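Chains as they are written, first to last, in full-length UniProt numbering: chain A, 1 to 437; chain B, 1 to 437. Each residue gets a CB set at the ideal place from its N, CA and C atoms; glycine is no exception. Because the structure is a prediction, the values reported are computed rather than measured.
There are 2 protein chains.
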Amino acid sequence: MAAQTVATNDTDTAGTDTAGAVDLGPASALSCRECGERFPLGPIFACEICFGPLEVAYDLPTGDPEGLRKQIEAGPDNIWRYAPLLPVPADVATKPNLNPGWTKLVKADNLARELGVTGGLFIKDDSGNPTHSFKDRVVAQALEAARAFGFTTLSCSSTGNLAGAVGAAAARAGFRSCVFIPHDLEQGKVVMAAVYGGDLVGIEGTYDDVNRFCSELIGDPLGEGWGFVNVNLRPYYGEGSKTLAYEICEQLGWQIPDQLVIPIASGSQLTKIDKGLQELIKLGLVEDKPYKIFGAQAEGCSPVSAAFKAGHDVVRPQKPNTIAKSLAIGNPADGPYVLDIARRTGGAVEDVNDEQVVDAIKLLARTEGIFAETAGGVTVGVTRKLIENGLLDPSLTTVVLNTGDGLKTLDAVAPTSGPSAVIKPSLDAFRSAGLAG
Amino acid sequence: MAAQTVATNDTDTAGTDTAGAVDLGPASALSCRECGERFPLGPIFACEICFGPLEVAYDLPTGDPEGLRKQIEAGPDNIWRYAPLLPVPADVATKPNLNPGWTKLVKADNLARELGVTGGLFIKDDSGNPTHSFKDRVVAQALEAARAFGFTTLSCSSTGNLAGAVGAAAARAGFRSCVFIPHDLEQGKVVMAAVYGGDLVGIEGTYDDVNRFCSELIGDPLGEGWGFVNVNLRPYYGEGSKTLAYEICEQLGWQIPDQLVIPIASGSQLTKIDKGLQELIKLGLVEDKPYKIFGAQAEGCSPVSAAFKAGHDVVRPQKPNTIAKSLAIGNPADGPYVLDIARRTGGAVEDVNDEQVVDAIKLLARTEGIFAETAGGVTVGVTRKLIENGLLDPSLTTVVLNTGDGLKTLDAVAPTSGPSAVIKPSLDAFRSAGLAG
């Protein structure tokens, strides 16, 4: 297929930059999301001119959407089917990688009935990824960037899920890993982060202290040769979330859903899903049609929801206090971009409280047999609330993201999930319990 | 494709039985594995003549292997791609079901290097199933049988994993579920079993007491309309394990691997994988070639391994005492069949102790980024032992099963999986820890 240079994004205004020696497939440059300045591909994350965040710009293959669609459909059952649209070399599927993605898009008819959705309700269930969260998608991208830049150690700051995803990916790819976590995490998360055999360092302090420490380490010779997936590799890392948009549309028969409900932590995932949808339209892989993007937060950490409701363009940081710990980022880097997308597409940002999160986890489990982590409770709970307050149209096709696995957040539902009865092993005892037939 | 009646198994000697009104696709009858007597398809599990176990017999489609292969390859990315070979109606994929299967077959090059395997080593990783164990495969079959027989409640006795799989499948399919567990299970397993909203009954007693109680309940009017997946639906349930054989061969390019290492609990999985391989050969979907099947047990529950080593045909029951609780069946129903298959194929049955199980879990995690449950530690540990004692040929293609997820057996590795260091958030502290570069 002939590859032509096209703008696929408002900030990708030219194909004039020449990429360095690194081969990251269609990725042509990094561009600043604020001022549009372009830089060669490299392990940098902030604009040298205005300090704005950098993102990957592409020369994407156009002119033959049908051929591209066929190429994708003939690809592997993982994110690498979309290699022509990602910052990875064309032969990425031959390299050792966890190969995440191509998770189930579940038609949730039982849940739809409970919520009154008539236009088709789907759960994109990312608990099916190798380490059971969407983090595998973003880490897989960061790993390929690390390989291209010659890094030999993969690292991150994490409160748990990301540490496990990095440890597992590094193990498969033959990288060393060294990840940093607050020293007082729950044992389960520590075990998941340590079991893959990389170095795990507990930092005496909060997650903010861990982050500050990692920033220092990147600037020091001690951190030489280290790829921090969510710091100096962040522009590549973030692109992994585009694959959620690609998969959802392909699984719907190459159609964009009318409405999407997406959780907000840093907000990166939501903005990249929007970017992915825009790319599919510009490439002619899907019909250009309106869609609405809804952001979901927990009430105990709802800075973007608060700004949306107040009509602000600026997000005021909050101190998180919620059971949805994987979404507990009080100062979300992509918050302003999320506000822009929700408003531009006619969506909204909403939040639910912890009790509603637990109710929604159990609702999803009871109706669809999907045991979601707290973040999935947030999106399902927010979907319900958006229908109740009239912001989400139940007669339209709606996709709700579940980004993680209930096994990792058992504490959320444990107090209210126990046996219906405890009985002696006799038919009389069972009859008395009133559970028969 | 024209469907002809053929024998696909030594006990399937004729197509003369007529199935009842139930539509279970190519399934034609139940046949006794001991005396060969045949019975119409129904919710029965023991031969009326000799009390032997019943299994499903088929009229399988032959005469056009290339057409069948193409049909399968064009099917869904789950076990229903093999619907023509399973006891399910042809339109099964349109019914609400968890749609398990089509899990990753991981080329384990790092692990191969550590173990000295040169002929190609693969992990069939069933932790990617909806509730993260192979149980989803067998429950999916039992559910379709329950639907065909008009049951409205799905039930089982379980020590945890199966309870979760049944609860989730029933929720998706709109069945009531009522599952029975020992009352003193770990909280995590109780939560997983209860979260799907079905009834969960704790029985004051051991797993044996739970089993006995369930057998009583099946014979009582209280249990009318109940499908116990691992009792009265067991013949159908067991067939789900055939899909592991189908997937492994298809993922290897329609080839049977030279060697397979399979865990033994009841032994059913191993015998059904052998059955599946034989079917593929008879259907002409794969080349007929020798293969060796190896069984893996934990030393603390190794009745089949002990019988194999002693040259016995009979399995003497043991009282289980091992961390591999999902394999802890002291009196395995299919033990004699396993012995027969291991001997007939030139394989073996071996066991490893708890320390070796933990080492193997960590070896697999460190080399391939796969966090297995204890049963996966058993198969990987046994593979290593079989290579060391010369029973498994490292120059041949070998597939090792991981049937479950490490998140469900965290306790096994927790004592030895912790941080490399805990430090203050400073570069000096990190330098002193000796973990840089």
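Q) Taking buried to mean at least 16 other C-beta atoms within 10 Å of its own C-beta, is P419 of chain A buried or exposed? A) Numbered from its first residue, the first sequence carries residue 419 of chain A at position 419. By the neighbour-count rule (16 or more Cβ atoms within 10 Å), P419 of chain A is buried.
State the DSSP-derived secondary structure class of K272 of chain A, mapped to helix, strand or coil.
-> The residue labelled residue 272 of chain A in the question sits at position 272 within the first sequence. Of the three classes helix, strand and coil, the one that applies to K272 of chain A here is helix, per DSSP.
(request) Determine, using beta carbons only, whether K385 of chain A and E350 of chain A come nearer to each other than 8 Å. (result) For the purposes of this step, residue 385 of chain A is taken as the residue at position 385 of the first sequence. For the purposes of this step, residue 350 of chain A is taken as the residue at position 350 of the first sequence. Closer than 8 Å, so yes.
Discussion item. Assess contact between the stretch 418-436 of chain B and the stretch 386-403 of chain B, defined as three or more Cβ pairs (one per stretch) separated by less than 8 Å. Is contact present?
Written reply: They do not touch, by the three-pair rule.
Three-state secondary structure assigned by DSSP to residue 460 of chain A:
Here chain A covers residues 1 to 437 and nothing more, so residue 460 of chain A does not appear.
If you measure from the beta carbon of P61 of chain A to each beta carbon in chain B, is any gap under 8 Å?
In the first sequence, residue 61 of chain A corresponds to position 61, counting from 1. It does not; no Cβ of chain B falls within 8 Å.
query: Name the chain B residues whose beta carbon is nearer than 9 Å to that of I72 of chain A?
result: Numbered from its first residue, the first sequence carries residue 72 of chain A at position 72. Result: empty, since nearest Cβ-Cβ is about 15 Å, beyond 9 Å.
For E48 of chain B, which residues from the same chain have a beta carbon less than 8 Å from its beta carbon, with the 5 sequence-adjacent residues on both sides left out? Residue mapping note: residue 48 of chain B aligns to position 48 of the second sequence, counting from 1. Correct list, in chain order: E37, F39.
Under a three-way DSSP split, which group does K95 of chain B fall into? Here residue 95 of chain B corresponds to residue number 95 of the second sequence, with the count starting at 1. K95 of chain B falls in the coil class under three-state DSSP.
Notebook entry, point to check: Between A193 of chain A and S28 of chain B, what straight-line distance do the alpha-carbon atoms span, to the nearest angstrom?
Noted result: As a first step, residue 193 of chain A must be located in the first sequence, where it is residue number 193. As a first step, residue 28 of chain B must be located in the second sequence, where it is residue number 28. Cα atoms of A193 of chain A and S28 of chain B: separation of roughly 49 Å, rounded to the nearest angstrom.
message: Below 8 Å on the Cβ atoms is my contact criterion, and I expect L111 of chain A with L121 of chain A to pass it. Report the Cβ-Cβ distance as a whole number of Å.
response: One-based indexing of the first sequence puts residue 111 of chain A at position 111. One-based indexing of the first sequence puts residue 121 of chain A at position 121. Taking the Cβ atoms as the reference, L111 of chain A lies roughly 6 Å from L121 of chain A, within the contact range of under 8 Å.
With DSSP as the reference, label E350 of chain B as helix, strand or coil.
-> Taking the second sequence and counting its residues from 1, the one referred to as residue 350 of chain B is at position 350. In the structure shown, E350 of chain B sits in a strand (DSSP, three-state: E or B).
(message) Please state the DSSP three-state secondary structure of C249 of chain B.
(response) In the second sequence, the residue the question calls residue 249 of chain B occupies position 249. Here C249 of chain B sits in helix by DSSP.
Which residue from B:R33, B:D199, B:T243 puts its Cα closest to that of I72 of chain B? Walking along the second sequence from the start, residue 72 of chain B turns up at place 72. Of the candidates B:R33, B:D199, B:T243, B:T243 places its Cα closest to the Cα of I72 of chain B.
Contacts around K309 of chain B, its chain only, beta-carbon distance under 8 Å, and the 5 residues preceding and following it disregarded
By one-based count along the second sequence, residue 309 of chain B stands at place 309. V349, listed in sequence order.
- prompt: For A170 of chain B, which of A:F430, A:A365, A:S215, A:G390 has the nearest alpha-carbon?
  reply: Along the second sequence, one-based indexing puts residue 170 of chain B at 170. Here the closest residue by C-alpha is A:A365.
Does chain D have any CB closer than 8 Å to the CB of V422 of chain A?
Included in the structure are the protein chains A and B, with no chain D among them.
Given a limit of 7 Å on CB to CB distance, which residues of the stretch 172-185 of chain B reach chain A? Those would be R172, G174, C178, H183, in chain order.
To which residues does DSSP link P182 of chain A through a beta bridge?
-> Counted from its first residue, the first sequence places residue 182 of chain A at position 182. Answer is A:I203.
In the DSSP output, what is K242 of chain A paired with across the bridge? As a first step, residue 242 of chain A must be located in the first sequence, where it is residue number 242. Per DSSP, none; premise fails for K242 of chain A.
Worksheet item: Which residue comes first and which comes last in the alpha helix (DSSP H) that contains T374 of chain A?
Response: Taking the first sequence and counting its residues from 1, one reaches residue 374 of chain A at position 374. Where T374 of chain A is concerned, the enclosing alpha helix (DSSP H) stretches over 374-388.
Counting only Cβ pairs nearer than 7 Å, list the residues of chain B close to Y196 of chain A. Taking the first sequence and counting its residues from 1, one reaches residue 196 of chain A at position 196. Near Y196 of chain A (Cβ distances below 7 Å), the residues of chain B are A365, R366, G369.
In terms of residues, what are the limits of the beta strand (DSSP E) holding L30 of chain B?
Walking along the second sequence from the start, residue 30 of chain B turns up at place 30. Start and end: 27-32.
* **K189 of chain B versus B:D411, B:E55, B:G67, residue with shortest Cα-Cα distance** => Here residue 189 of chain B corresponds to residue number 189 of the second sequence, with the count starting at 1. Selection B:D411, B:E55, B:G67 evaluated against K189 of chain B yields B:D411 as nearest (Cα-Cα).
- Query: G67 of chain A: which of A:K408, A:I293, A:L285, A:E224 sits nearest, CA to CA?
  - Reply: To locate residue 67 of chain A, count along the first sequence from 1; it is residue 67. Cα-wise, what sits closest to G67 of chain A is A:L285.
- Task: Kindly indicate if chain B contains any beta-carbon less than 8 Å away from that of S133 of chain A.
- Result: Position 133 of the first sequence, counting from 1, holds the residue named residue 133 of chain A. No, S133 of chain A does not count as interfacial toward chain B.
*Identify the continuous alpha helix (DSSP H) that holds S155 of chain A and give its terminal residues.*
Residue numbering aside, residue 155 of chain A sits at position 155 when the first sequence is read from its first letter. For S155 of chain A, no alpha helix (DSSP H) run applies; the uninterrupted beta strand (DSSP E) run containing it begins and ends at 153-157, by DSSP.
Review point. Between the stretch 226-259 of chain B and chain A, which residues of the former have CB atoms less than 7 Å from a CB of the latter, in chain order?
Key: Those residues of the stretch 226-259 of chain B placed with their C-beta closer than 7 Å to a C-beta in chain A do not exist.
Open item on the list: Give me, in chain order, the residues of the same chain whose beta-carbon lies closer than 7 Å to that of residue 438 of chain B; leave out the 5 immediate sequence neighbours on both sides.
Closed with: The question about residue 438 of chain B has no answer, for chain B in this structure spans 1 to 437.
Residues near R234 of chain A in its chain [Cβ-Cβ closer than 7 Å; skip 5 each side]
The count along the first sequence starts at 1 and reaches residue 234 of chain A at position 234. Once the five neighbours on either side are set aside, the close Cβ partners of R234 of chain A are F45.
Discussion item. Between A414 of chain B and chain A, is the shortest Cβ-Cβ distance under 8 Å, so that the two count as touching?
Written reply: The residue labelled residue 414 of chain B in the question sits at position 414 within the second sequence. With 8 Å as the cut-off, A414 of chain B counts as an interface residue toward chain A.
| task | Identify the contact partners of Q141 of chain B in chain A, using a Cβ-Cβ distance below 7 Å as the criterion. | result | Translated into the one-based positions of the second sequence, residue 141 of chain B becomes position 141. Here the premise fails: no neighbours, minimum Cβ distance about 16 Å.
Identify the residues that DSSP records as bridge partners of I123 of chain A: which are they? The residue you call residue 123 of chain A lines up with position 123 of the first sequence. Bridge partners of I123 of chain A: A:V106, A:V400.
Check: Using a C-beta cutoff of 8 Å, does E204 of chain B count as contacting chain A?
Finding: The residue labelled residue 204 of chain B in the question sits at position 204 within the second sequence. At least one CB atom of chain A sits nearer than 8 Å to the CB of E204 of chain B.
Of all the CB atoms in chain A, is at least one closer than 8 Å to the CB of V190 of chain B? By 1-based counting over the second sequence, the position of residue 190 of chain B is 190. For V190 of chain B, at least one C-beta of chain A is nearer than 8 Å to its own C-beta.
inquiry  = So the candidates are A:C178, A:Q269, A:S268; which of them puts its Cα closest to the Cα of residue 444 of chain A?
reply    = Nothing can be reported for residue 444 of chain A, as the shown portion of chain A is limited to 1 through 437.
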